[in-house]
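Below is one structure, written out as structure tokens, with a few remarks after it.
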Amino acid sequence: MNPPRILLVEDEPRIAEVMVAYLAQAGYTVDHLERGDQVLAHIARQAPALLVLDLMLPGIDGISLCQQIRLTSALPIIMVTARVEEIDRLLGFEVGADDYLCKPFSPRELVARVQALMRRSQPTAPVLPPLFDNDIASQRIRCQGQLLSLTPQEYRLLGVLLAAPGRIYSRTQLLELAHSEGAEVFDRAVDSHIKNLRKKIAAVLGEREVIHSVYGVGYRYE
1 MNPPRILLVE DEPRIAEVMV AYLAQAGYTV DHLERGDQVL AHIARQAPAL LVLDLMLPGI
61 DGISLCQQIR LTSALPIIMV TARVEEIDRL LGFEVGADDY LCKPFSPREL VARVQALMRR
121 SQPTAPVLPP LFDNDIASQR IRCQGQLLSL TPQEYRLLGV LLAAPGRIYS RTQLLELAHS
181 EGAEVFDRAV DSHIKNLRKK IAAVLGEREV IHSVYGVGYR YE
């Protein structure tokens, strides 16, 4: 079986060189383009399994490309940008990006996110009853029918993870998405909350692990 083919669109050669090296080492075949106006024709010829797309590109920008691709294709897309403002992240998802990376990022995080998105994009087996039921109205989560005794912070954190199975979140992302307004929080507080969540879930599921640590990156629910 041929290795999955990834299209990387990045106009900074030194960054692209590192990304290509890490993805190739992880077992992927990587095609690299530097201009946005080369992308659609390349996709039509090569049909990649996944697209890593920089936001700011010569020719056509990443947002416009994402919009055009989504008119005809469900190709998995990871968008990469140096912009960190919330509006840019939201805009990327609104036009169809499946995941988002903000520069600077670890090449290992890129590989981990590519692997996670590739898994999510594969055909799945018949849907089984979910392990968790998140009642957003009452802010209660049940695990196999048993109500979990969660603090407000634990509820928000677990809710974020459950909403996107397989997606890897960094500690910073979890803090941004799960902490309450005005609360003073730190990266390592996430580790403490995850530890408590694992204990409470283990009381129901035993040794089955559903919140996974991704070394050097963060956490995912799967």
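Under UniProt numbering, the residues of the sequence shown are numbered 1 to 222, in order. Don't be surprised by glycine CBs; every beta carbon is placed ideally from N, CA and C.
Backbone CA spacing between residue i and residue j [nearest angstrom]
i      : j      : result
Val204 : Met19  : 41 angstroms
Leu147 : Glu176 : 26 angstroms
Asp98  : Asp61  : 17 angstroms
Pro48  : Ser149 : 44 angstroms
Ile6   : Ser170 : 23 angstroms
Ser64  : Gly159 : 31 angstroms
Leu161 : Ala178 : 10 angstroms
Lys199 : Tyr22  : 35 angstroms
Phe132 : Phe105 : 32 angstroms
Arg45  : Ala164 : 31 angstroms
Thr151 : Arg113 : 29 angstroms
Glu109 : Leu40  : 26 angstroms
Pro3   : Gln25  : 11 angstroms
Ile201 : Ile141 : 11 angstroms
Best match in the options for proximity to residue i [C-alpha to C-alpha]
i           : options                          : result
residue 225 : Glu10, Ile43, Cys102 and Thr81   : As displayed, the chain neither begins before 1 nor continues past 222, which places residue 225 out of reach and without an answer.
Thr172      : Val217, Asp133 and Arg198        : Val217
Arg14       : Val39, Pro107, Leu65 and Ser73   : Pro107
Asp54       : Asp37, Leu197 and Ile194         : Asp37
Ala116      : Gly96, Ile77 and Gly166          : Gly166
Tyr28       : Ala202, Arg35, Val9 and Met118   : Met118
Ile168      : Glu222, Gln122, Cys66 and Ala202 : Glu222
Thr32       : Ala26, Val52, Ala41 and Leu8     : According to the sequence shown, residue 32 is His rather than Thr. Nearest of Ala26, Val52, Ala41 and Leu8 to His32, Cα basis: Leu8.
Cys102      : Ser121, Ala82 and Glu109         : Ala82
Met79       : Pro58, Leu51 and Gly59           : Leu51
Gly96       : Val111, Cys66 and Arg120         : Cys66
Exposure label - residue i; buried when at least 16 CB within 10 Å
i      : result
Glu207 : exposed
Arg220 : buried
Ser192 : exposed
Gly182 : Low confidence applies here, because Gly182 scores a pLDDT of 47, under 50, leaving its location unreliable; read the following figure in that light. It counts as exposed.
Pro76  : buried
Glu94  : exposed
Leu71  : exposed
Glu10  : buried
Arg35  : exposed
Ala74  : exposed
Ala16  : buried
Beta-bridge pairing of residue i - partner residues as DSSP gives them
i      : result
Cys102 : Thr81
Gly218 : Ser170 and Val214
Ile15  : Looking at the DSSP assignment, Ile15 forms no beta bridge with any residue, so it has no partner.
Cys143 : Phe132 and Gln146
Ile43  : Partner(s): none; Ile43 has no beta bridge.
Arg5   : Thr29
Leu51  : Leu7 and Ile77
Any chain C beta carbon closer than 8 angstroms to residue i
i    : result
Ile6 : The chain inventory of the structure shown lacks chain C, comprising one protein chain alone.
Next on the checklist: Contact between the segment 148-156 and the segment 206-219 is defined here as three or more beta-carbon pairs at a separation below 8 angstroms; is this criterion met?
Outcome noted: no
Checklist entry - Would you call the segment 187-195 and the segment 131-139 touching, i.e. three or more CB-CB distances under 8 angstroms? => result no
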